[in-house]
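Beneath this line is the structure, given in structure tokens, with notes to follow.
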Amino acid sequence: MTIFDAPYAPLEEAARAALLAAAPPPRPESMPLALDLARAAREGGGPLAVEEILRGWPLSTREGLALMALAEALLRVPDDATADALIAEKLSEGAWDKHAEGWASAASGWALAVGSRLVGPGETPGGVLGPMVRRLGVPAVRNAARRAVRLMGGQFVLGETIEDALGRSAKGARYSYDMLGEGARTAADARKYLGAYHAACEAIGRAAQGSLPGRPGLSVKLSAIHPRYEAVSRDRVFSELLPDLIGLAQAARAHDLNLTLDAEEADRLELSLEVFDRLLTEPSLAGWEGLGLAVQAYQKRAGAVVAWLADRAAATRRRLMVRLVKGAYWDAEVKRAQERGLEDFPVWTRKAATDLAWLTQAAALLDVAKQGRIFPQFATHNAGSVAEALALAEARGVGVQKFEFQRLHGMGGALYAQLAKARPDVALRIYAPVGVHEDLLAYLVRRLLENGANGGFVAAVADEELPLERLLRHPGVPLAEGPPRHPRVKRPGALFATRPNSRGVEFGDRRALAGLLAERDSAPPLPAATLVTPQDAVARAQAAFPAWNATPVAARAAILRRTADLLEQRRGSFIAAIQDEGFRTLDDALSEMREAVDFCRYYAEEAERVAAPTALPGPVGESNLLTLSGRGVVLCISPWNFPLAIFLGQVAAALVAGNAVVAKPAPQTPRIGALAARALAEAGLPEGVLVVVPGGPAEGAALVAHPAIAGIAFTGSTATARAINRALAAKDGPIVPLIAETGGLNAMVVDATALPEQVTDDVLTSAFRSAGQRCSALRLLCVQEDAADRMLEMIAGAAAELRMGDPRDPATHLGPLIDAEAKARILSWLDKLPPGAREVFRHPAPEPGNFLAPRIVDLRRPEDLTQEVFGPVLHVVRWRGSALEALLRSLAGTGYGLTLGVQSRRAGFAAQVARAVPAGNVYVNRNMVGAVVGSQPFGGQGLSGTGPKAGGPHYLPRFMTERVVSVNTAAAGGDAALLAEGE
4 MTIFDAPYAP LEEAARAALL AAAPPPRPES MPLALDLARA AREGGGPLAV
54 EEILRGWPLS TREGLALMAL AEALLRVPDD ATADALIAEK LSEGAWDKHA
104 EGWASAASGW ALAVGSRLVG PGETPGGVLG PMVRRLGVPA VRNAARRAVR
154 LMGGQFVLGE TIEDALGRSA KGARYSYDML GEGARTAADA RKYLGAYHAA
204 CEAIGRAAQG SLPGRPGLSV KLSAIHPRYE AVSRDRVFSE LLPDLIGLAQ
254 AARAHDLNLT LDAEEADRLE LSLEVFDRLL TEPSLAGWEG LGLAVQAYQK
304 RAGAVVAWLA DRAAATRRRL MVRLVKGAYW DAEVKRAQER GLEDFPVWTR
354 KAATDLAWLT QAAALLDVAK QGRIFPQFAT HNAGSVAEAL ALAEARGVGV
404 QKFEFQRLHG MGGALYAQLA KARPDVALRI YAPVGVHEDL LAYLVRRLLE
454 NGANGGFVAA VADEELPLER LLRHPGVPLA EGPPRHPRVK RPGALFATRP
504 NSRGVEFGDR RALAGLLAER DSAPPLPAAT LVTPQDAVAR AQAAFPAWNA
554 TPVAARAAIL RRTADLLEQR RGSFIAAIQD EGFRTLDDAL SEMREAVDFC
604 RYYAEEAERV AAPTALPGPV GESNLLTLSG RGVVLCISPW NFPLAIFLGQ
654 VAAALVAGNA VVAKPAPQTP RIGALAARAL AEAGLPEGVL VVVPGGPAEG
704 AALVAHPAIA GIAFTGSTAT ARAINRALAA KDGPIVPLIA ETGGLNAMVV
754 DATALPEQVT DDVLTSAFRS AGQRCSALRL LCVQEDAADR MLEMIAGAAA
804 ELRMGDPRDP ATHLGPLIDA EAKARILSWL DKLPPGAREV FRHPAPEPGN
854 FLAPRIVDLR RPEDLTQEVF GPVLHVVRWR GSALEALLRS LAGTGYGLTL
904 GVQSRRAGFA AQVARAVPAG NVYVNRNMVG AVVGSQPFGG QGLSGTGPKA
954 GGPHYLPRFM TERVVSVNTA AAGGDAALLA EGE
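Each residue of the sequence shown is one higher than the one before, counting from 4 in my numbering.
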């Protein structure tokens, strides 16, 4: 087996230079054909072609976005009341009478053009339908809307079954059928999709005529036939998915069909190529020339993939079918790289670079096609790309029988109809999605987004004011003339502009993961923490405070920045410590190390902003200067569940504010705190300014009671926070501030418009990541009854696929609980569940030692969850649409207010939930954990904490005292500065 190896995210400047050097020059002879094709595309392809939809409702308008949101969600909503609310909200967001009257009249009677009358002009999203709808009847409008969405969906999906699709297929046309296998979350989903692929293969095979490459084909998403198709689950992929895939390939070979592995996200590329290579060397598939792969031109590794395919085709002496696409996940790839703090993006940030890369790889594929080793399939709806590819083929002497073009069903029809007139000898294959409408609309929306982007040809060709000659410029021209990267897409490292983003690792990058593991495995043993008594610790900190408080804030901030750099330089040691002492998985340990880095840099920057002296207004002859300084000795008490990030976050904030600090880490994780303190000392922190006191409740109580403590930052249980508060209230002397961040009964409210797959992903992350041992973790899932069965079945099935085991293994999703006491507390709760509650799911893994398998517990009502269950236990309640307000009152009545999740395609619903339920952090249509420093300041209210929020702009001043000095500058007889001004 030949391993694919290429830099995952090379710097765009260097990659752009290499692309410009390697790209084929423009072919002037292609322009006449390009103009003909572009004119045809501009004239349109029918009222429901994507060109017409985007012409009528561009995605840059409210109407376009509302239409997209309605199409994505409406058909999966099972109950009429929620459907009506969704329709009302989306129609209220647009001025439909100003757009695309032709499409509206064709949309099965759905009068979008009078939408402004369907929903009253003053109504808010989620409001009731207007008077006209009440006259027509709400059911009539609802049914018309559903028919319209189905009609639109039908333009992009050839059939709801493979038999329907074969019946609708144009005679004599080539097709590649896609069974719309979106990523499987459960083993049952994977089996269902695999069965659909096999059934399709048999049906297509029976109907197929001709010979390869002209016979029809089938496209398969590997993530659809395995629920954990991810780099870290490689062993499972090869032991479970590969046999199934070989069986499917054998079926395709038996019918002499084309089977193409569809392109997926960049982090799966190396895994997909490894799987593909196994198929290449599978003896039972020898001699079959229908095996294919999709290559994404927007990936910077596309050239390396094409070269690898050429080498493998030659080595295995077979012809491969290669579909060259531009790519459909661009925005998701950009976001993922930014979140992970990668060096750069795996994809091009400029559309011109993608277009040029497509032409460059088209030329490379044609060179191999000439040798008979690759059959290129050029997938594009861009008139310039089509014409240039044909010119490249002619210049290389590659006959049209050696390649084909591809378009998506429902897109590019007018363009390719014109091509058929001009070049009837050129083959075209139609990529045809097959599936029920409820499952296809997420796919439809992705296609609309991909083709409707402002920089794309499909959207731009609809702009009648844009000259076609400019639109059809060779992409090398704007790429060379413009900036090397998109000016508004921030590099991952520059995400926060004024401070560096912490560096992360993409686990789908084999090289990067191996490097991280090597650093971790070579880390020295974690030394023991030095024992210090509370009295000695406070005395040392008291002695160090005056000099440290007098140190300029810039010098204090510089120490934090050097500490951040040291953490990144020694990330292996810190990750090893978090895993060895805190039992965190590799991804958890990495994200925690990054959070600690972000805390140091953020508080350094904030201190320089906050602590700068501020001149305040006053009358002539007076100056008023506000300054801030440290309070004295601050006690920082941190928990075991974030033994580095919370420890260092508290300590860094207190230090940079000018305080000396006594830090008491949790008794389960004292050595991590000591390791962090050593990094601060190495970065220049003077002796005595930070003293770490290992120990348990007795040491903590002694420190809280010490009269010299001038402030306390605490993260832990609500009960302990109350005890600290009472102890402080009982002390004589100065009133001491307490910053407490405690737990919560964190809920997520899900309505029927939410996408089940997204809900499943976010619930698994929120409830079970870190084995549920996060303050922010999801404890109570509230699902609308109409959609609950399907969603909960998917969540349970997906949870069953999580792997429990050694947290040092990258394939592990859940490690053990922190200790036996934590496990005993949870088991006690499970043994004495409230009346009517029952355990409806338990992960099948064994539970040796401190391991606890994930559970799902069904509750009758929210009030039954009476305590924070700090582990992998998800509680579920169902709610009826008519009882939403009662549910929200129950959630608000708990008294907690840490995190809150909302999953809905209705902005009005999300706003309603957020208003009604107190929470420090509200997360809409995403998971509820992993708050980012500076972006999502973290902290709760009520029983969940005092505030201010950690990692936010109001945190540092709480560690400081304010002082105003007022000077009578006219005391000597006048205001000299004013008198010197003149007139």
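Yeah, the Cβ is synthetic: ideal placement off N, Cα and C, and Gly gets one too.
Scanning L758, V278, S287 for the CA closest to the CA of E243 turns up V278. Rounded to the nearest angstrom, the Cβ distance from I712 to V636 is 6 angstroms, consistent with a contact under 8 angstroms. Nearest neighbour of I859 by Cα position, chosen from N853, I829, E888, turns out to be I829. Within the same chain, G575, I578, A579 come within 7 angstroms of R523 by CB-CB distance, once the 5 residues on both sides are set aside. Non-local C-beta neighbours of I821 in its own chain, meaning closer than 6 angstroms and more than five positions away in sequence, comprise W643, Q671, ordered along the chain. Between the alpha carbons of R476 and N385 lies a distance of about 12 angstroms. DSSP, reduced to helix, strand and coil, places W311 within a helical segment of the structure shown. Taking the Cα of E441 as reference, the smallest distance to any Cα among A420, A76, E66 is reached at A76. Rounded to whole angstroms, G496 and A599 show a C-alpha spacing of 16 angstroms. Unbroken alpha helix (DSSP H) runs of no fewer than 4 residues, entirely contained in the segment 584–639, are found at 589–613, following chain order. The segment 388–395 makes no contact with the segment 526–542, as fewer than three CB pairs between them are under 8 angstroms. One Cα belongs to P31, the other to Y419, and the distance between them is close to 21 angstroms. Secondary structure of E824 (DSSP, three-state): helix. Taking G904 as the centre and dropping the five residues before and after it, the same chain places the C-beta of M751, Y926, M931 closer than 6 angstroms to its C-beta, in chain order.
Annotation: R322 to M182 spans about 25 angstroms, alpha carbon to alpha carbon. Distances from the alpha-carbon of A614 to those of R188, A553, M807, A701 put A553 closest. Here A41 has A386, V464, L471, L474, L475 as same chain residues with Cβ atoms under 7 angstroms from its own Cβ, once five neighbours each way along the sequence are excluded. Ranking L855, V308, G250 by CA distance to the CA of P847 puts L855 first. Residue environment for R194: exposed (fewer than 16 other C-beta atoms within 10 angstroms of its C-beta). Here the C-alpha atom of P29 lies approximately 41 angstroms from the C-alpha atom of A203. Sorting L422, A335, V694, G293 by C-alpha distance to the C-alpha of F378 places G293 at the top.
Distances from the alpha-carbon of A396 to those of A367, M414, L589, A423 put A367 closest. Contact check between the segment 792–803 and the segment 760–772: three or more CB pairs, one atom from each, fall below 8 angstroms, which counts as touching.
Bridge partners of M807 according to DSSP: L817. Under DSSP, L475 shares a beta bridge with no residue. With respect to the 9 angstroms criterion, A417 and A43 are classified as neighbours on the basis of their beta carbons.
In the structure shown, G948 falls within a strand segment according to DSSP collapsed to helix, strand and coil.
Beyond the five residues adjoining it in sequence on each side, G775 comes within less than 6 angstroms, by CB distance, of G874, P875 in the same chain, given in chain order.
Taking the Cβ atoms as the reference, P219 lies roughly 6 angstroms from L260, within the contact range of under 8 angstroms.
V936 sits away from F645, with the two beta carbons spaced by 9 angstroms or more. About 20 angstroms separates the beta carbons of F548 and A679, which is beyond the 8 angstroms limit, so they are not a contact pair. Beta-carbon to beta-carbon, Q939 and N924 are separated by about 6 angstroms, close enough to satisfy the 8 angstroms threshold. Beta-bridge pairing by DSSP links D466 to no other residue. The closest CA to that of V695, considering only G208, A801, R681, K493, is found on R681. The three-state reading of DSSP puts C778 in coil, since its state is none of H, G, I, E or B. Counting the other CB atoms within 10 Å of its CB gives S172 a total of 16 or more, which places it among the buried residues.
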